[in-house]
Amino acid sequence: MRVTMKKIYMGLTVSLLMMASAQSAVIDFEDNVLGADSAFNNNASVNWTSSGADFLYGYNYSCCWSGFTYSNKTDTTTPGYLNDQSAITGDGVGAGQDSYAVGYLDTYSGTPLAIDFGGSRTVQGSYFTNTTYSYLAMANGDDGNDPAFVKGPFGDGDFYKLIISGLGVGGETISTLDIFLADGDNVIDTWEWFDLTGLGEVYGMSFAMGSSDSGSFGVNTPTYFAMDSLTVVPVPAAAWLFASALCLLGFRRKLSA
């Protein structure tokens, strides 16, 4: 009987964990409609959503955006800030997936570069790449200015990284990971998958940037990145508690047997 009950406890626990994993959501930004070769822009700050996650688009100085937008722009050759909403890949991840998110951290506006999941999540990972603007600045030293403001091309010892923080229920930082979009002269120009499970259970994510090309006013590298197929798993508190209770009950039965 004890063996039978143990199997029942283990079976129920495994089933609950499999149910939680099966609820993973892929945030691919295809649920926001765009015209051909365009991006979302607005003349005021606004929140927008994709697959239940909340993103902030900031509008500053009566001219400029910051935070997150979504895009399907395809320009992979034009340098400079006027082409700051194109991924260097020219499209999203996967066949038939054209849309992707673009993040821009404008330290002067103070707009947070953050995502709110609306509940506890485990982030499995996401695809990241450079924007055309940031890629050409790092790979060729061409930021659209004459003379260029940035150092380039990147070489030994140079880097550009995203500093990704996991956020708690109150928006506080509870974990941090670094991922590199440029390492030496290897400047990413394809969609690359990065494992983000090290963030743990979080309610959101925020982004900052670090670069070897920095000065007295901060990072000189254009502080942009593109993201697609962000994959998260909800943490169903009731299911986890029930699974824990089953395991504890089985353990107590074993001790009392």
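Those letters in the sequence shown? Residues -19 to 237, by my numbering.
Don't be surprised by glycine CBs; every beta carbon is placed ideally from N, CA and C.
To which residues of the same chain is residue i closer than 6 Å at the C-beta, ignoring the five residues directly before and after it?
i	result
SER79	PHE9, GLU10, TYR50, ASN52, GLY72
PRO127	none
PRO202	TYR113, SER114, ALA117
ASP165	PHE134, GLY135
LEU14	ASN52
Classify residue i as buried or exposed, calling it buried when 16 or more other Cβ atoms lie within 10 Å of its own Cβ.
i	result
TYR41	exposed
ASN21	exposed
VAL149	exposed
ASP138	buried
ALA2	The pLDDT assigned to ALA2 is 49, lower than 50, so where the model puts this residue is not dependable, and the model offers no usable value.
LEU62	exposed
GLY146	buried
THR29	exposed
ALA223	Reliability fails at ALA223, whose pLDDT of 47 lies under 50, so the model's placement of it is uncertain and no value is given.
THR58	exposed
ALA177	The amino acid at residue 177 is misidentified as Ala; the sequence shows Thr. Exposed, by the Cβ-count rule.
List the endpoints of the continuous beta strand (DSSP E) containing residue i.
i	result
ASN120	Run containing ASN120: none in the beta strand (DSSP E); it sits in the alpha helix (DSSP H), 112 to 120.
THR156	153 to 163
ILE144	139 to 147
ASP175	172 to 175
PHE20	Segment: none, PHE20 is in no beta strand (DSSP E) and carries neither H nor E.
LEU14	Premise fails: LEU14 is in no beta strand (DSSP E) and is neither H nor E.
ILE7	5 to 7
ASP208	204 to 214
Bridge partners of residue i, per DSSP?
i	result
LYS53	SER66
ASN27	LEU36
GLU181	THR102
ALA94	SER186
THR109	ALA206
SER79	Looking at the DSSP assignment, SER79 forms no beta bridge with any residue, so it has no partner.
GLY195	GLY198
SER46	GLY38
TYR84	GLY47, TYR204
VAL167	ALA162
For residue i, which residues in the same chain have their Cβ closer than 7 Å to its Cβ, ignoring the five residues on either side in sequence?
i	result
ILE68	THR56, THR109, ASN110, THR111, THR112, TYR115, ASP169
LEU210	ILE7, SER106
ASN23	TYR39
SER192	GLY137, ASP138, PHE139
GLY32	ALA5, GLY98
PHE129	ASP123, ASN200
TYR70	Note on residue identity: the sequence assigns Gly, not Tyr, to residue 70. So the list reads THR54, THR56, once near-sequence residues are dropped.
ASP175	GLY105
TRP173	GLY105, TYR107
TRP171	THR69, VAL73, TYR107, THR109, ASP208
GLN65	ALA19, THR49, SER51, LYS53, VAL82
I think residue i touches residue j, with their Cβ atoms under 8 Å apart; what is that distance to the nearest whole Å?
i	j	result
GLY83	PHE160	With 8 Å as the limit, GLY83 and PHE160 do not qualify as a contact, their Cβ atoms being about 16 Å apart.
MET185	VAL103	7 Å
ILE144	THR156	7 Å
ASP123	GLY60	6 Å
ALA117	GLY132	6 Å
ASP208	ALA94	The Cβ separation is near 18 Å, so there is no contact.
ASP34	ASP96	4 Å
Got a sec? Which residues, its chain only, sit under 8 Å from residue i by beta carbon, not counting five neighbours each side?
i	result
GLY38	SER25, TRP45, SER46, GLY47, ASP86, SER89, THR91
ARG101	GLU181, VAL182, TYR183, VAL212, VAL213, PRO214, VAL215
ASN12	PHE20, TRP28, SER30, TYR50, SER79
ASP158	LYS141, LEU142, ILE143, ILE144, GLY190
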